[in-house]
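In terms of this note's numbering, the sequence shown has 216 at position 35, counting the first letter as 1, and numbering is strictly consecutive.
No residue lacks a Cβ here, since even glycine has one placed at the ideal position from N, Cα and C.
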Amino acid sequence: PASKAPVAKPAAPKKVASDRAAKGAPQARPPKPARPAPKATTAGRQFAPNSRGPADSRLENDIKLRDEEIDELRVTVTGLERERDFYYGKLRDIEILCQRFQEQPDPETTPEELV
Numbered sequence: 182p183a184s185k186a187p188v189a190k191p192a193a194p195k196k197v198a199s200d201r202a203a204k205g206a207p208q209a210r211p212p213k214p215a216r217p218a219p220k221a222t223t224a225g226r227q228f229a230p231n232s233r234g235p236a237d238s239r240l241e242n243d244i245k246l247r248d249e250e251i252d253e254l255r256v257t258v259t260g261l262e263r264e265r266d267f268y269y270g271k272l273r274d275i276e277i278l279c280q281r282f283q284e285q286p287d288p289e290t291t292p293e294e295l296v
């Protein structure tokens, strides 16, 4: 009886798109198909993407109100910073007077004379 040895099948030929692909270089992907621009809908009405609708005017109004509020807050902050600096200057003056008095105490000086 003859033994049956497995018969080796020939290898399938490799599919090579180009020499660059065989060398491991990345292949370019085909471009994606362009999609049509979606249309925005508001209350059953359709608007082109670049046209202005009622929501845009409301948003613009909100932006205008926020800008005005920001301007008011900037003015308030500026006023508060001035007030802070004024009182800080007064406090610093008092601190300097106290340091002078500590360095050269005068028992006859009253608090009213310091001010």
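Mapping DSSP to helix, strand and coil, what is T257? The three-state reading of DSSP puts T257 in helix, counting H, G and I together.
R281 versus E262 - alpha carbon distance: Cα to Cα, R281 sits roughly 29 Å from E262.
Excluding sequence positions up to five away, which residues of its chain have a Cβ less than 7 Å from the Cβ of P292? If the five residues before and after P292 are omitted, its C-beta is found closer than 7 Å to no C-beta atom of its own chain.
Alpha-carbon spacing of I277 relative to R255, whole angstroms: Taking the Cα positions, I277 is about 33 Å away from R255.
Q285, DSSP secondary structure in three states: coil
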